[in-house]
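Taking the working numbering, the leading residue of the sequence shown gets 107, the next gets one more, and so forth.
No residue lacks a Cβ here, since even glycine has one placed at the ideal position from N, Cα and C.
See below for the structure under consideration.
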Amino acid sequence: MSDLTKTLVALTVGGAVGAIGATILNEKLKTKASRNLPKLFTYEHCPYCVRVRMILGWKNIKHELIFVAADDMDTPINLIGVKKVPIFEIPGKLKPMGESLDIIQYVDKHLGGPPILKQSSVSPGIQKWIQDTAPVFRRLYHPRYAMAPFAEFAQLGGREFYRKKKESAIGPFSEAIDKTPEFVAKTNQYLIELEALLPRDIFCERLTYYGLTGSLPIFFHKQFGISNVLSTELNNAFTSLSYLTPLLGAYIADRHLGRFYTIILFSSVYLFGLLLCVYGAWPSESNNALWIFMFGLFVGVAFGAGGIKPNVVVLGADQFDLKIASERKEKESFFNWFYWAINIGATFSYGILTNIAVNGIPPVIPQTFGFFFSFLLPTIIFGVALLVFYGGKSRYRRVAPSGSAIGEFVDILLQAGAKSKQGMLILTAGLSFLPGILFTTASYFVSHPTTHVLLALIGAASVMYGAIVFIVAGNSVKWLQVATIHNGGSFSSEQVNAVGQVLRLSPYLSFIIIFWAVYAQQGSNFVLQGCQMDLRFDSTTSSSAPLISSAMLSILDSSVILAFIPIFDKIVYPFLHSIGMEPTLLRKIGAGLFCSFLAMAMAAWIEYTRKQAGYVDNISSNCAASRETLPMSSISVWWQTPQYLLIGIGEILTSISAYDLFYSEVPPSMRSVCQALNLLTTSLGYIVGGGLNSIFSFWIPGNLNDGHLEYIFLVLAFIVLLNWIAFLIVSQSFESHQTPRTREKEESVSGFSPALPRAARKLMAKMQPTRAEATR
Numbered sequence: 107m108s109d110l111t112k113t114l115v116a117l118t119v120g121g122a123v124g125a126i127g128a129t130i131l132n133e134k135l136k137t138k139a140s141r142n143l144p145k146l147f148t149y150e151h152c153p154y155c156v157r158v159r160m161i162l163g164w165k166n167i168k169h170e171l172i173f174v175a176a177d178d179m180d181t182p183i184n185l186i187g188v189k190k191v192p193i194f195e196i197p198g199k200l201k202p203m204g205e206s207l208d209i210i211q212y213v214d215k216h217l218g219g220p221p222i223l224k225q226s227s228v229s230p231g232i233q234k235w236i237q238d239t240a241p242v243f244r245r246l247y248h249p250r251y252a253m254a255p256f257a258e259f260a261q262l263g264g265r266e267f268y269r270k271k272k273e274s275a276i277g278p279f280s281e282a283i284d285k286t287p288e289f290v291a292k293t294n295q296y297l298i299e300l301e302a303l304l305p306r307d308i309f310c311e312r313l314t315y316y317g318l319t320g321s322l323p324i325f326f327h328k329q330f331g332i333s334n335v336l337s338t339e340l341n342n343a344f345t346s347l348s349y350l351t352p353l354l355g356a357y358i359a360d361r362h363l364g365r366f367y368t369i370i371l372f373s374s375v376y377l378f379g380l381l382l383c384v385y386g387a388w389p390s391e392s393n394n395a396l397w398i399f400m401f402g403l404f405v406g407v408a409f410g411a412g413g414i415k416p417n418v419v420v421l422g423a424d425q426f427d428l429k430i431a432s433e434r435k436e437k438e439s440f441f442n443w444f445y446w447a448i449n450i451g452a453t454f455s456y457g458i459l460t461n462i463a464v465n466g467i468p469p470v471i472p473q474t475f476g477f478f479f480s481f482l483l484p485t486i487i488f489g490v491a492l493l494v495f496y497g498g499k500s501r502y503r504r505v506a507p508s509g510s511a512i513g514e515f516v517d518i519l520l521q522a523g524a525k526s527k528q529g530m531l532i533l534t535a536g537l538s539f540l541p542g543i544l545f546t547t548a549s550y551f552v553s554h555p556t557t558h559v560l561l562a563l564i565g566a567a568s569v570m571y572g573a574i575v576f577i578v579a580g581n582s583v584k585w586l587q588v589a590t591i592h593n594g595g596s597f598s599s600e601q602v603n604a605v606g607q608v609l610r611l612s613p614y615l616s617f618i619i620i621f622w623a624v625y626a627q628q629g630s631n632f633v634l635q636g637c638q639m640d641l642r643f644d645s646t647t648s649s650s651a652p653l654i655s656s657a658m659l660s661i662l663d664s665s666v667i668l669a670f671i672p673i674f675d676k677i678v679y680p681f682l683h684s685i686g687m688e689p690t691l692l693r694k695i696g697a698g699l700f701c702s703f704l705a706m707a708m709a710a711w712i713e714y715t716r717k718q719a720g721y722v723d724n725i726s727s728n729c730a731a732s733r734e735t736l737p738m739s740s741i742s743v744w745w746q747t748p749q750y751l752l753i754g755i756g757e758i759l760t761s762i763s764a765y766d767l768f769y770s771e772v773p774p775s776m777r778s779v780c781q782a783l784n785l786l787t788t789s790l791g792y793i794v795g796g797g798l799n800s801i802f803s804f805w806i807p808g809n810l811n812d813g814h815l816e817y818i819f820l821v822l823a824f825i826v827l828l829n830w831i832a833f834l835i836v837s838q839s840f841e842s843h844q845t846p847r848t849r850e851k852e853e854s855v856s857g858f859s860p861a862l863p864r865a866a867r868k869l870m871a872k873m874q875p876t877r878a879e880a881t882r
């Protein structure tokens, strides 16, 4: 062997020996390092173990993960004295710990930098929900865990041990598997109940809205000396604008930002307007305060609230998969509970904030600062709610904007309408609402009596023309087919048919306008009527007793909704179904319209009776402006209760059903459009209500005892009765076209879906512990 060969052999052998030595040394070092790592003894299926792994992953803490076999008694008993996991230890530093929350608190406080978790109390309602739902949930997941390829079941003995132990608690796994549909249905209902236990942003938004607007007519009169008629007209104008701007919100959501970010944008505008209103409500002699308040109200709040409205309800309903029968049922309940949350906010506003506005809370809040603080509080709450809503953005199922449905809707109507006489009639009817809004609103600011009434009459006639045409001819949509490519148009049959599905509902949009004209009385004429009734909480008390705000009576509407929605949802509707009287959406709407007729008849009778009664001696109404005396009737303001309750019941039947009707009966691409049109009916209803006050303003003097407010109630009752009769006739030919929603992308979250497991997998993928799997 040559010297060169000997050298190469020596180098090769030496290199090999060195490599082996380096490998052995590296393994020893890794083993030594591993010995010093925190150790987590765990099961893969255990939720308590998962939450410990979550905090270790969030804080990026390297640790040794040891999977314990399900039938391994010795390992956990030797460590903590009992058979349970998770168990956490740090060799030489921390003795084994066996409670998951103790482990989480220790890790968060002592490892991986500063704490990242906040302390929070456990809601008793959620605690009880967990206890009540456990028997059903365990029968769903235990049998499936036993079939999963988890590390703790790697040996047959571990899987068999787990099966026997859990079957002794919940019964045979085979029976639980067979009852899966029943358990899933119960689970879906439990999730709906859980939703009601969680804080909802819609509550905060409605509390803010009603907290600001609940006392507006009184605020305008007391703070700025505006007349009764103009105060109610301004209130109606603001509300009308708030329900007109949803068209803009729906357009921006569909074309540009999507529903979530549109809500964020308009909420920011909303908050800006609220801040201006708070500033303008500061007691001041300056004329600037009025204009600052008006700008904040009509620009900031009206546009902000309007931009939110069509998107909040659709974003909520989009969380359900309508291809699943149980979720279609949940969606129906969602509209009820959505409305329930709205009225929790309204109840707080009307019950508390309206009284703070009028009376203050002396000596903490002087009476002169009552309106300022009643506007400030909901502004703060809304700001906090906006932050909470944005912080939860990762939890929502968000559908990306797919183009402007409103733009497409209008383009198809214009193209088809230009080629058809019936289409031209429908277009003129739709366009007539615009001059109706403009002329009626203009009448509010014209003091000349003849011109004032003339403008209001033109506005009312324009709205009524549009409504009547839609009722008579709106449900015939064949004329739209001329816009299809097949007939020389520019749009597909699917696009045109989608518009037809919306347009065929136009008669029902018209019918609902009149309901909202009745509803508008609560914030205008009912408040004026209440101002001149006995406002003492108890009419037997002395003349020095504090007076409640007449606007507070609106709490009766929201209270009856809070009380009766669960009753209708859980008792009345199921009972009617059981006896063969199916409570369809149209039957509910018809019943609600009749309730609104009864409410107007009752209000007229109360007003007539009020004027016939005597006066309360030596007490002026708290609605009076400074240096003004306004007499109160001896009839207690609580006699208004029936008219508020009837409107509340009508709202449950009509408004909630309208939300559902205009969501379920149209294709998914048109749902934002339809909800915006639904909200537009509210705007037009307030225009009708304000228009009646303008036309018959001579019936509403500063002192109602010199006028005839009851005549306005009777006129409106007559209109409602005609509207109800027409509804009964037209609804006989209605055909339901409900279509299941197409399934969105796989990563969508909806109702009871694989979203939670997917989210868990994504989170677990971020956790990279050193794995030393053992199945001892």
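Excluding residues up to 5 positions away in sequence, LEU759, SER763 lie with their Cβ nearer than 6 Å to the Cβ of LYS694 in the same chain. Here the stretch 802 to 821 does not lie against the stretch 677 to 694, with fewer than 3 beta-carbon pairs under 8 Å apart. Each residue's CA atom was taken as its position, placing THR546 and ALA343 some 9 Å apart. Secondary-structure assignment with DSSP links ILE276 through no beta bridge to anything.
DSSP, reduced to helix, strand and coil, places LYS189 outside both helices and strands of the structure shown, so it counts as coil. DSSP places PHE147 inside the beta strand (DSSP E), whose first and last residues are 145 to 148. Three or more beta-carbon pairs drawn from the stretch 202 to 214 and the stretch 143 to 157 are found closer than 8 Å, and the two stretches are therefore classed as touching. Note on geometry: alpha-carbon atoms of LYS190 and PRO241 lie some 21 Å from one another.
Close CB contacts of LEU692 within its chain, under the 7 Å cut and outside five residues either way in sequence, are with SER837, PHE840 (chain order).
Residue pairing of ARG642 in beta bridges, as defined by DSSP: LEU653. Distance from the Cα of GLY476 is smallest, within the candidate group GLY466, ILE332, VAL158, LEU403, for GLY466. For SER726, the enclosing beta strand (DSSP E) begins and ends at 721 to 726. If the five residues before and after GLN601 are omitted, its C-beta is found closer than 6 Å to no C-beta atom of its own chain. Counting C-beta pairs with one atom in each stretch, the stretch 619 to 627 and the stretch 793 to 810 have three or more that are closer than 8 Å, which means they touch. Cα atoms of ARG265 and GLU288: separation of roughly 26 Å, rounded to the nearest angstrom. Between VAL772 and VAL516 the beta-carbon gap is near 16 Å, outside 8 Å, which marks them as no contact. Taking 7 Å as the cut-off, the beta carbon of LEU396 is found no closer than this to the beta carbon of CYS383. For GLU195, the three-state secondary structure derived from DSSP is strand. Sequence-distant partners of SER526 (beyond 5 residues in either direction) whose C-beta falls short of 7 Å from its own C-beta, in its chain, are TRP585, VAL588.
Judged by DSSP in its simplified three-state form, SER742 adopts strand.
Secondary structure note for PHE173: its beta strand (DSSP E) is the uninterrupted segment 170 to 173.
Look at the stretch 507 to 547 and you find no whole run of beta strand (DSSP E) that is 3 residues long or longer.
Looking at the DSSP output, PHE597 shares a beta bridge with THR590. Membership of LYS676 in any alpha helix (DSSP H) is not indicated, and neither H nor E is assigned to it by DSSP.
Residue environment for SER630: buried (at least 16 other C-beta atoms within 10 angstroms of its C-beta). The alpha carbon of SER665 has as its nearest neighbour, out of PRO748, ILE574, THR485, PRO469, the alpha carbon of PRO748.
The C-beta separation of GLN628 from TYR750 comes to about 7 Å, placing the pair in contact by the 8 Å criterion. Excluding residues up to 5 positions away in sequence, PHE576, GLY580 lie with their Cβ nearer than 6 Å to the Cβ of SER612 in the same chain. Per DSSP, reduced to three states, the secondary structure at LYS285 is coil, with no helix or strand assignment. Going by DSSP, LYS201 is part of the beta strand (DSSP E) stretching over 200 to 203. In the displayed model, ILE762 falls within a helix according to three-state DSSP.
C-alpha of GLU339 to C-alpha of ALA709: approximately 19 Å in a straight line.
Between PHE325 and the set ILE276, MET400, PHE256, the nearest pair of CA atoms involves MET400. Contact between ASP640 and ILE512 does not hold, since the beta-carbon distance rounds to 49 Å and is not under 8 Å. Taking the C-beta atoms as reference points, VAL569 is found no nearer than 7 Å to LEU828. In summary, HIS362 is exposed, with fewer than 16 beta-carbon neighbours lying within 10 Å of its beta-carbon over all protein chains present.
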